[in-house]
Each structure stands twice: as structure tokens, then as C-alpha cells.
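Before any comments, here is the structure.
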Amino acid sequence: STMNEEARAMTLMNLTGGVHSYQAILAMVQKHPQRHDENALAEAVFDNFCADEWLSDDSDAEDSIEYAENVNELKKDDEAITDQLVNILGDMYDRSRILEIVREHPTKYNLESVMNTVLERINIETVDENWLRKASSGIENDKYEEKKEESEGDELWKDTYYLYEEEVSEFQRNRRNVISDQLATPEHKEKAFDIIDLLNEKRLKYTLNTILCVLRHHPEPENFEKVVFTFQAGVNAEEWFDKDTPAIEKLPTEDCVICYMDYPETELYKVSCDSRHKFCYECLQASIQTAIGQGEIPMCPWGGCDHLITELEVIHIFGEGD
10 STMNEEARAM TLMNLTGGVH SYQAILAMVQ KHPQRHDENA LAEAVFDNFC ADEWLSDDSD
70 AEDSIEYAEN VNELKKDDEA ITDQLVNILG DMYDRSRILE IVREHPTKYN LESVMNTVLE
130 RINIETVDEN WLRKASSGIE NDKYEEKKEE SEGDELWKDT YYLYEEEVSE FQRNRRNVIS
190 DQLATPEHKE KAFDIIDLLN EKRLKYTLNT ILCVLRHHPE PENFEKVVFT FQAGVNAEEW
250 FDKDTPAIEK LPTEDCVICY MDYPETELYK VSCDSRHKFC YECLQASIQT AIGQGEIPMC
310 PWGGCDHLIT ELEVIHIFGE GD
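Our numbering applies: residue 10 is where the sequence shown begins, and numbers increase by one.
Following this line, the structure appears as C-alpha cells:
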């Protein structure tokens, strides 16, 4: 749809820092033979992008350039940019005030630059302090109140939020840690920290495990810009971790001592007793539920082990909310 094409063009414009005109990138998005492939579009922008080539296919290339400078089209651009900022910052900011800033901004197509100006100019005291938690996908920053008190009126506290922060339950984190231990290479681990730094500059926060997984399966893991663009376009972590399944199935297996079924290590849970006894999740969950149903404190199911299952272990085993 036209709206999706405009959104893709705006994302690519922001990614390149406004080096190429919005109309040229939009023309490329609309005409590219793989216009639905985010990686193909990113490659077209970064690899010797020539605005005239994409605009020259129009019936009148000169008119297309003038079209971008037309007042009515600029107004539409201003509205689209404002809508993006409102979506990011939430409804705690006055839209009309954001629109004013967008209209006069010298680099309006650089979304991060405009957003920083918005944050600097609009009086933070008039904004409900919950806006920060909204902007960071609902994840509360423990340091928020302390940081705000220390540097209110100072730009430092504005850097404590992320435009996106990946939410991971303890249950997911535990299993993904095992996967990373088994499959992540030292080279990928080293690169992952560079990726984290680049994502922080974009105010995006993904877990180390997710970054390692994307590096394992990205078509061009050596190209940091394209990897970062993949995260900017949005990453569904579960879909990427599903790609690990064939490799996980080839890992050495162990028996669950309750059901005697073979499982890869990622499918076994190590109880935090001294012997680190391992069980499949299904058997361990059933053991805990039986103990609770009988009014007893759950214990490690290994015969003779006196380890009491902790509340944190229950969260790891069942997942939060279960």
C-alpha cells in the first residue's frame, strides 16, 4: 500500500541520515523489483544509490523533483513525520506543537534529529512521567525516578529511554542462554557487542541472545549496517530462534531421569541443587504441580535430593504469568 511504501521510504531516509532525498528513495521503493524485501531495499540504498536513475523513469523527471518541493507535498511530509513522532512518544505530547517543530526543522527527514529537538523544546514538566515507560514498550526503568531527580532540566535523563526494548521472560532467557552457549561462535559474540553499541545509538535494545541468533542466520552478518537495519525494521525473536531448530536437533541428547526420553540440552532444565540434576520441562512441571496440589513444598524430583524448588526456579520452569 501507499502508506507502507511511504513508511519504508521514511525508515530508509532516517537510516541514511538524510543523504538522499525522500522523493528519490520513495521512487526506488515503489519501483524496485523486490520492493517487499527489506534487505533488498536497504542494499539498493547503500550500494551506489543514484537518485536520478530512479526518478528518470517518471514521465517527467524534472517535474518529479519540483514535486518534492511543492508546498502541498511538503505539508504532507510534515504530517507524516509528525504522525511517526506521535506514535513513538505517545499522546502525552501536543501534536500541534510537534508539527510546528517539524515544519521549521532544517533536517526534518532525519527522524532522530527531529525527535531530539522535540524533547529539548517541549517542557518536560507538562508531560505525564509515564510517557517514558510508554515509549520503552512498557518496561519500567528502575533508574528512571532517581535519574530524573538528579538531572531534571538536564539532557542526561532523556537518554534513559529506548524507542524499543525487547521484553524477555525469565523462562525464555533461561532457554535462550542454553542455545547461545551451544551455538554462538566466539566471533559472533565479539561482533554482538559492537551491534549492541550501534543499536544503542538508535535507541533500540535487544537481548544479547537475540542479537547472536540474528547474526547466526542473517544473509550478510559481516555487514553491520544491514544487520542494524534488520533490527530497525523490527525483529520477531521467536521466528529467528525457530531457525535454530535444525542445529539444536543435531546437538547431543540426554535422558530425562523421570520419563527416560532423549532431549537436547536446550529442552532440559538444570535444578539449582548441588548436583545440578536435569529433567525435561514437562516432567518437572508435573512434579511441582503434584507437590503444590498436595500442600507440600516442591523439591528436586531426583531420589534422595533434598533441594527445595525456589520461587525463581518456578518462574524459570513455568514462565511468568503461568
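In this text, a Cβ means the ideal position worked out from N, Cα and C, and glycines have one as well.
Continuous alpha helix (DSSP H) stretch holding residue i: start and end
i	result
Pro-255	254-258
Tyr-290	290-302
Lys-211	Segment: none, Lys-211 is in no alpha helix (DSSP H) and carries neither H nor E.
Val-244	Element bounds for Val-244: n/a, residue is neither H nor E.
Glu-109	104-113
Phe-58	Premise fails: Phe-58 is in no alpha helix (DSSP H) and is neither H nor E.
Ile-324	320-327
Cβ of residue i within 8 Å of any chain C Cβ
i	result
Pro-310	Of the protein chains in the structure, only one exists, and it is not chain C.
CB-CB length for residue i against residue j, believed under 8 Å
i	j	result
Tyr-118	Tyr-31	5 Å
Cys-268	Cys-289	6 Å
Phe-240	Leu-260	That belief does not hold up - the Cβ atoms of Phe-240 and Leu-260 are roughly 27 Å apart, past 8 Å.
Leu-317	Ile-306	6 Å
Ile-34	Ala-18	5 Å
6 Å Cβ shell around residue i - same chain, five flanking residues per side excluded
i	result
Ala-193	Leu-221
Glu-109	none
Rounded C-alpha distance that separates residue i from residue j
i	j	result
Ala-16	Ala-51	13 Å
Tyr-215	Leu-277	25 Å
His-325	Glu-274	15 Å
Val-280	His-227	34 Å
Glu-210	Gln-294	41 Å
Ser-296	Cys-309	9 Å
Val-95	Asp-203	30 Å
Ile-188	Val-266	21 Å
Cys-292	Arg-182	20 Å
Lys-85	Asp-92	11 Å
Glu-88	Arg-104	10 Å
Pro-230	Gln-191	19 Å
Trp-249	Val-223	6 Å
Host beta strand (DSSP E) of residue i (start-end)
i	result
Tyr-278	277-279
Asp-264	262-264
Asp-271	271-273
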